[in-house]
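Novice: Numbering (my numbering), first residue to last: 28 to 78. Just so it is clear, CB atoms sit at the ideal spot from N, CA and C, and this is done for glycine as well. Here it is, the structure, as structure tokens.
Shown next, in the form of structure tokens:
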């Protein structure tokens, strides 16, 4: 028969490391995109370089 008592879970985070890494990469790409947009809007990157 099965044991009716639940097994204790680890106190660690419930989000796997791979998912956390993917979220970090997504936020990094978002930040880089916003920095590029800000650079174009402020004139740091000339308009001729933007397609």
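For residue 67, which three-state DSSP category applies?
Specialist: As a working mapping, residue 67 is identified with position 40 in the chain shown. Note: residue 67 maps to helix in three-state DSSP.
Novice: Helix, strand or coil: which one does DSSP assign to residue 105?
Specialist: Residue 105 falls outside the range modelled here, since the chain spans only 28 to 78, and no answer is possible.
Novice: What is the DSSP secondary structure of residue 77, counted as helix, strand or coil?
Specialist: In the chain shown, residue 77 corresponds to position 50, counting from 1. Residue 77 falls in the coil class under three-state DSSP.
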